Amino acid sequence: MVLLAGCASQAPKAANVAAEPAAASTAPAAVPEIAPGIPAGYLHKEQYLDSLALVPAPPAKGSAAFAHDQAVREEAITLRGTPRWQQAISDADLHFPHAAGTFECALGIPVSQQATPRLYLLLQRSMVDAGLSTYGAKNQYNRTRPFALAKEASCTPDEEAALRKDGSYPSGHTTIGWAWALILAELAPDRANAILARGRSFGESRLVCNVHWQSDILEGRFMGAGTVARLHADPTFEADLAAAKAEIASARSQGLAPGRDCAAEATALQRKLERVL
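Residue numbers for the sequence shown follow my numbering, beginning at 461 and rising by one.
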(Lines of atoms letter the chains of each structure in order from A and count residues from 1; the text may use other names and numbers.)
(Lines give C-alpha, C1' and ligand atoms only; values in the text may rest on other atoms or scores of the structure.)
Protein backbone atom coordinates (compact mmCIF):
# COMPACT_ATOMS: atom_id res chain seq x y z
CA MET A 1 0.00 0.00 0.00
CA VAL A 2 2.51 2.52 -1.28
CA LEU A 3 0.16 5.51 -1.20
CA LEU A 4 -0.16 5.51 2.61
CA ALA A 5 3.17 3.93 3.57
CA GLY A 6 4.80 7.27 4.26
CA CYS A 7 1.87 8.37 6.42
CA ALA A 8 1.92 5.38 8.76
CA SER A 9 3.79 7.17 11.53
CA GLN A 10 1.86 10.43 11.26
CA ALA A 11 -0.97 11.36 13.59
CA PRO A 12 -2.93 14.48 12.65
CA LYS A 13 -3.64 16.60 15.71
CA ALA A 14 -7.03 17.76 14.51
CA ALA A 15 -8.24 15.29 11.92
CA ASN A 16 -11.90 15.76 12.82
CA VAL A 17 -13.96 18.72 11.73
CA ALA A 18 -17.22 19.75 13.29
CA ALA A 19 -20.13 17.50 12.43
CA GLU A 20 -22.66 19.12 10.12
CA PRO A 21 -26.35 18.36 9.70
CA ALA A 22 -27.06 16.02 6.79
CA ALA A 23 -28.00 17.78 3.59
CA ALA A 24 -28.04 16.86 -0.05
CA SER A 25 -25.25 18.49 -2.07
CA THR A 26 -23.59 20.57 0.66
CA ALA A 27 -19.90 21.25 0.19
CA PRO A 28 -17.71 19.39 2.70
CA ALA A 29 -15.77 21.39 5.27
CA ALA A 30 -12.02 21.71 4.83
CA VAL A 31 -10.00 18.85 6.31
CA PRO A 32 -6.26 18.99 7.11
CA GLU A 33 -3.98 16.89 4.93
CA ILE A 34 -1.48 14.28 6.15
CA ALA A 35 0.25 14.33 2.76
CA PRO A 36 -0.36 16.33 -0.42
CA GLY A 37 -3.79 15.41 -1.72
CA ILE A 38 -4.54 13.02 1.17
CA PRO A 39 -6.98 14.40 3.76
CA ALA A 40 -6.68 13.16 7.32
CA GLY A 41 -8.94 10.34 8.40
CA TYR A 42 -11.64 10.59 11.04
CA LEU A 43 -9.52 8.95 13.74
CA HIS A 44 -6.42 10.08 15.58
CA LYS A 45 -3.42 7.78 15.67
CA GLU A 46 -4.24 6.51 19.15
CA GLN A 47 -7.72 5.52 17.91
CA TYR A 48 -6.55 3.30 15.06
CA LEU A 49 -7.23 -0.39 15.47
CA ASP A 50 -4.13 -2.33 16.49
CA SER A 51 -3.60 -4.96 13.80
CA LEU A 52 -0.65 -6.41 15.68
CA ALA A 53 -2.95 -7.26 18.58
CA LEU A 54 -5.86 -8.36 16.40
CA VAL A 55 -4.45 -10.65 13.70
CA PRO A 56 -2.39 -13.80 14.18
CA ALA A 57 1.12 -14.14 12.82
CA PRO A 58 1.19 -14.86 9.08
CA PRO A 59 1.35 -18.51 8.03
CA ALA A 60 4.79 -20.04 8.50
CA LYS A 61 6.63 -21.54 5.55
CA GLY A 62 5.95 -25.27 5.46
CA SER A 63 2.52 -24.93 7.08
CA ALA A 64 -0.74 -26.04 5.48
CA ALA A 65 -1.92 -22.42 5.46
CA PHE A 66 1.14 -21.29 3.53
CA ALA A 67 0.72 -24.19 1.12
CA HIS A 68 -2.75 -22.85 0.39
CA ASP A 69 -1.33 -19.35 -0.05
CA GLN A 70 1.04 -20.75 -2.65
CA ALA A 71 -1.71 -22.70 -4.42
CA VAL A 72 -3.86 -19.59 -4.73
CA ARG A 73 -0.88 -17.61 -6.04
CA GLU A 74 -0.17 -20.23 -8.70
CA GLU A 75 -3.77 -20.05 -9.87
CA ALA A 76 -3.89 -16.25 -9.77
CA ILE A 77 -0.83 -15.71 -11.95
CA THR A 78 -2.50 -17.61 -14.79
CA LEU A 79 -4.74 -14.55 -15.25
CA ARG A 80 -1.80 -12.35 -16.29
CA GLY A 81 -2.61 -10.53 -19.53
CA THR A 82 -6.36 -11.17 -19.33
CA PRO A 83 -9.10 -8.56 -18.76
CA ARG A 84 -9.06 -9.63 -15.08
CA TRP A 85 -5.37 -8.64 -14.92
CA GLN A 86 -6.21 -5.24 -16.40
CA GLN A 87 -8.96 -4.80 -13.81
CA ALA A 88 -6.45 -5.63 -11.09
CA ILE A 89 -4.13 -2.92 -12.41
CA SER A 90 -6.99 -0.43 -12.19
CA ASP A 91 -7.88 -1.59 -8.67
CA ALA A 92 -4.28 -1.12 -7.56
CA ASP A 93 -4.53 2.66 -8.04
CA LEU A 94 -5.71 4.25 -4.80
CA HIS A 95 -5.13 7.81 -5.98
CA PHE A 96 -8.16 10.06 -6.22
CA PRO A 97 -10.14 10.80 -8.34
CA HIS A 98 -9.51 7.36 -9.93
CA ALA A 99 -10.20 5.35 -6.77
CA ALA A 100 -13.47 7.18 -6.11
CA GLY A 101 -15.01 5.36 -9.07
CA THR A 102 -14.24 1.86 -7.80
CA PHE A 103 -17.84 1.17 -6.78
CA GLU A 104 -19.64 3.28 -9.40
CA CYS A 105 -20.94 0.28 -11.30
CA ALA A 106 -22.07 -1.47 -8.13
CA LEU A 107 -23.79 1.71 -6.89
CA GLY A 108 -25.22 2.65 -10.27
CA ILE A 109 -24.21 6.32 -9.97
CA PRO A 110 -21.08 8.42 -10.58
CA VAL A 111 -18.87 9.17 -7.58
CA SER A 112 -16.91 12.42 -7.93
CA GLN A 113 -16.19 15.73 -6.28
CA GLN A 114 -18.75 17.29 -8.60
CA ALA A 115 -21.62 14.80 -8.33
CA THR A 116 -21.18 13.51 -4.77
CA PRO A 117 -18.68 15.69 -2.85
CA ARG A 118 -19.55 14.39 0.62
CA LEU A 119 -19.36 10.75 -0.48
CA TYR A 120 -16.06 11.46 -2.23
CA LEU A 121 -14.55 12.88 0.97
CA LEU A 122 -16.04 10.05 3.04
CA LEU A 123 -14.19 7.54 0.87
CA GLN A 124 -10.94 9.51 1.09
CA ARG A 125 -11.01 9.84 4.87
CA SER A 126 -12.12 6.28 5.60
CA MET A 127 -9.35 5.05 3.28
CA VAL A 128 -6.79 6.60 5.61
CA ASP A 129 -8.31 5.12 8.77
CA ALA A 130 -8.60 1.67 7.23
CA GLY A 131 -5.22 1.63 5.56
CA LEU A 132 -3.22 2.90 8.52
CA SER A 133 -4.84 0.33 10.83
CA THR A 134 -2.74 -2.36 9.15
CA TYR A 135 0.72 -1.02 9.92
CA GLY A 136 1.21 -2.52 13.37
CA ALA A 137 1.29 -6.00 11.85
CA LYS A 138 2.82 -4.89 8.55
CA ASN A 139 5.83 -3.40 10.31
CA GLN A 140 6.20 -6.21 12.84
CA TYR A 141 6.12 -9.13 10.42
CA ASN A 142 7.42 -7.37 7.28
CA ARG A 143 6.12 -10.28 5.23
CA THR A 144 7.69 -10.74 1.81
CA ARG A 145 5.27 -10.26 -1.07
CA PRO A 146 4.69 -13.14 -3.50
CA PHE A 147 6.21 -11.43 -6.55
CA ALA A 148 9.40 -10.75 -4.57
CA LEU A 149 9.63 -14.27 -3.10
CA ALA A 150 9.03 -15.92 -6.48
CA LYS A 151 11.14 -13.36 -8.38
CA GLU A 152 8.28 -12.67 -10.76
CA ALA A 153 6.53 -9.58 -12.08
CA SER A 154 3.65 -7.79 -10.41
CA CYS A 155 0.87 -5.82 -12.07
CA THR A 156 2.46 -2.53 -10.94
CA PRO A 157 6.15 -2.71 -11.86
CA ASP A 158 6.72 0.96 -11.04
CA GLU A 159 5.77 0.26 -7.42
CA GLU A 160 7.76 -2.92 -6.89
CA ALA A 161 10.75 -1.25 -5.21
CA ALA A 162 8.47 0.42 -2.67
CA LEU A 163 6.36 -2.71 -2.19
CA ARG A 164 9.44 -4.73 -1.28
CA LYS A 165 9.88 -2.42 1.71
CA ASP A 166 6.18 -2.44 2.67
CA GLY A 167 5.02 -5.54 4.54
CA SER A 168 2.48 -7.73 2.80
CA TYR A 169 0.40 -8.76 5.84
CA PRO A 170 -2.38 -7.80 6.19
CA SER A 171 -3.38 -6.32 2.84
CA GLY A 172 -4.00 -2.59 3.05
CA HIS A 173 -5.85 -2.46 -0.27
CA THR A 174 -8.19 -5.22 0.89
CA THR A 175 -8.75 -3.47 4.21
CA ILE A 176 -9.68 -0.28 2.40
CA GLY A 177 -11.85 -1.98 -0.22
CA TRP A 178 -13.78 -4.01 2.32
CA ALA A 179 -14.30 -0.96 4.55
CA TRP A 180 -15.65 0.94 1.55
CA ALA A 181 -17.91 -1.98 0.63
CA LEU A 182 -19.43 -2.13 4.12
CA ILE A 183 -19.95 1.63 4.24
CA LEU A 184 -21.55 1.74 0.80
CA ALA A 185 -23.75 -1.29 1.47
CA GLU A 186 -25.13 0.61 4.44
CA LEU A 187 -25.70 3.72 2.31
CA ALA A 188 -27.39 1.79 -0.52
CA PRO A 189 -28.80 -1.40 1.02
CA ASP A 190 -30.78 -2.25 -2.10
CA ARG A 191 -27.44 -2.57 -3.94
CA ALA A 192 -25.70 -4.47 -1.11
CA ASN A 193 -25.11 -7.69 -3.06
CA ALA A 194 -23.39 -5.91 -5.93
CA ILE A 195 -21.42 -3.65 -3.58
CA LEU A 196 -20.15 -6.46 -1.36
CA ALA A 197 -19.25 -8.58 -4.39
CA ARG A 198 -17.24 -5.66 -5.73
CA GLY A 199 -15.53 -5.22 -2.38
CA ARG A 200 -14.52 -8.86 -2.43
CA SER A 201 -13.22 -8.68 -6.00
CA PHE A 202 -11.27 -5.52 -5.15
CA GLY A 203 -9.30 -7.44 -2.53
CA GLU A 204 -8.85 -10.43 -4.80
CA SER A 205 -7.29 -8.13 -7.39
CA ARG A 206 -4.26 -8.08 -5.11
CA LEU A 207 -3.90 -11.83 -5.65
CA VAL A 208 -4.16 -11.38 -9.41
CA CYS A 209 -1.53 -8.63 -9.17
CA ASN A 210 0.87 -11.07 -7.47
CA VAL A 211 1.46 -8.60 -4.62
CA HIS A 212 -0.45 -10.34 -1.80
CA TRP A 213 -1.06 -13.80 -0.40
CA GLN A 214 -4.51 -15.23 0.30
CA SER A 215 -3.97 -14.93 4.08
CA ASP A 216 -3.12 -11.22 3.62
CA ILE A 217 -6.52 -10.77 1.98
CA LEU A 218 -8.45 -12.62 4.69
CA GLU A 219 -6.99 -10.53 7.51
CA GLY A 220 -7.46 -7.40 5.45
CA ARG A 221 -11.20 -8.02 5.37
CA PHE A 222 -11.12 -8.44 9.14
CA MET A 223 -9.32 -5.13 9.65
CA GLY A 224 -11.67 -3.37 7.24
CA ALA A 225 -14.74 -4.56 9.12
CA GLY A 226 -13.24 -3.57 12.44
CA THR A 227 -12.38 -0.10 11.20
CA VAL A 228 -15.94 0.53 10.03
CA ALA A 229 -17.28 -0.57 13.42
CA ARG A 230 -14.91 1.89 15.10
CA LEU A 231 -15.82 4.71 12.74
CA HIS A 232 -19.46 4.45 13.72
CA ALA A 233 -18.53 5.86 17.12
CA ASP A 234 -17.25 9.06 15.49
CA PRO A 235 -19.86 11.85 15.16
CA THR A 236 -18.20 13.46 12.13
CA PHE A 237 -18.20 10.16 10.28
CA GLU A 238 -21.87 9.68 11.13
CA ALA A 239 -22.72 13.16 9.83
CA ASP A 240 -20.81 12.52 6.60
CA LEU A 241 -22.54 9.17 6.26
CA ALA A 242 -25.95 10.84 6.41
CA ALA A 243 -24.90 13.53 3.92
CA ALA A 244 -23.49 10.90 1.54
CA LYS A 245 -26.75 8.94 1.69
CA ALA A 246 -28.64 12.08 0.68
CA GLU A 247 -26.24 12.60 -2.23
CA ILE A 248 -26.78 9.06 -3.48
CA ALA A 249 -30.54 9.60 -3.40
CA SER A 250 -30.14 12.89 -5.27
CA ALA A 251 -27.89 11.32 -7.94
CA ARG A 252 -30.44 8.56 -8.46
CA SER A 253 -33.33 11.00 -8.75
CA GLN A 254 -31.40 12.87 -11.45
CA GLY A 255 -30.72 9.65 -13.35
CA LEU A 256 -26.95 10.14 -13.23
CA ALA A 257 -25.04 7.19 -14.70
CA PRO A 258 -21.63 5.75 -13.79
CA GLY A 259 -18.70 7.10 -15.75
CA ARG A 260 -16.94 3.72 -15.98
CA ASP A 261 -17.37 0.97 -18.55
CA CYS A 262 -19.54 -1.29 -16.42
CA ALA A 263 -19.94 -3.94 -19.10
CA ALA A 264 -16.17 -4.33 -19.40
CA GLU A 265 -15.80 -4.45 -15.64
CA ALA A 266 -18.47 -7.14 -15.33
CA THR A 267 -16.79 -9.21 -18.03
CA ALA A 268 -13.41 -8.96 -16.33
CA LEU A 269 -14.80 -9.89 -12.93
CA GLN A 270 -16.47 -13.02 -14.28
CA ARG A 271 -13.08 -14.73 -14.02
CA LYS A 272 -13.02 -16.32 -10.57
CA LEU A 273 -10.25 -17.96 -8.58
CA GLU A 274 -11.44 -21.45 -7.66
CA ARG A 275 -9.07 -21.89 -4.72
CA VAL A 276 -9.68 -18.52 -3.13
CA LEU A 277 -11.33 -18.32 0.30
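Positions of the beta carbon are idealized from the N, C-alpha and C atoms, including for glycine.
Since we're looking at a predicted model, the values are computed, not measured.
Around the beta carbon of K625, fewer than 16 other beta carbons sit within 10 angstroms, so the residue counts as exposed.
Under the three-state reduction of DSSP output, P695 falls in the helix class. Judged by beta-carbon spacing, N670 lies within the 8 angstroms limit of I537, meaning their Cβ atoms are closer than that value.
Within its own chain, the residues whose Cβ lies closer than 7 angstroms to the Cβ of L509, once the five positions on either side in sequence are excluded, are S593, M683, G686, T687, R690, listed in chain order.
The three-state secondary structure of E493, taken from DSSP, is strand.
Of the candidates T576, A490, P543, T576 places its Cα closest to the Cα of Q714. E725 has its alpha-carbon roughly 21 angstroms from the corresponding atom of I708.
In the displayed model, P499 falls within a strand according to three-state DSSP. Secondary structure note for N599: its alpha helix (DSSP H) is the uninterrupted segment 595 to 601. Counting other Cβ atoms within 10 Å of its Cβ, P516 stays below 16 and is therefore classed as exposed.
The beta carbon of A566 is closer than 7 angstroms to those of R651, A654, I655, R658 in its chain, skipping five residues each way along the sequence. Rounded to whole angstroms, T542 and P695 show a C-alpha spacing of 44 angstroms. Boundaries of the alpha helix (DSSP H) harbouring M587: 577 to 592, taken from the DSSP string. Ranking L582, A639, T727 by CA distance to the CA of E698 puts L582 first. Annotation: the continuous alpha helix (DSSP H) that includes F607 extends over 606 to 610. The beta-carbon separation of S628 and D529, rounded to 10 angstroms, does not stay under the 8 angstroms limit for a contact. Within the same chain, L737 come within 7 angstroms of L678 by CB-CB distance, once the 5 residues on both sides are set aside. With respect to the C-alpha of L667, the residue from C722, A641, D551 having the closest C-alpha is D551. In the three-state reduction of the DSSP assignment, L463 falls in the helix class, which pools H, G and I. Burial check for A487: the Cβ neighbour count within 10 Å stays below 16, so the residue is exposed. Judged by DSSP in its simplified three-state form, S523 adopts coil rather than helix or strand.
At the C-beta level, F662 and G680 stay beyond 8 angstroms of one another. Ranking L464, R578, A489 by CA distance to the CA of P496 puts L464 first. In the three-state scheme derived from DSSP, where H, G and I count as helix and E and B as strand, W638 is classed as helix. Distance from F563 to L644 at the Cβ level is roughly 5 angstroms; contact confirmed, criterion being Cβ atoms closer than 8 angstroms. With fewer than 16 other beta carbons inside 10 angstroms of its own, G522 counts as exposed. The Cβ-Cβ distance between Y601 and P519 does not fall below 8 angstroms. Excluding five sequence positions before and after S614, the CB atoms of its chain that fall closer than 6 angstroms to its own CB belong to F607, E620, C669, N670, V671, given in chain order.
In this structure D618 is exposed. Its beta-carbon is surrounded by fewer than 16 other beta-carbon atoms within 10 angstroms.
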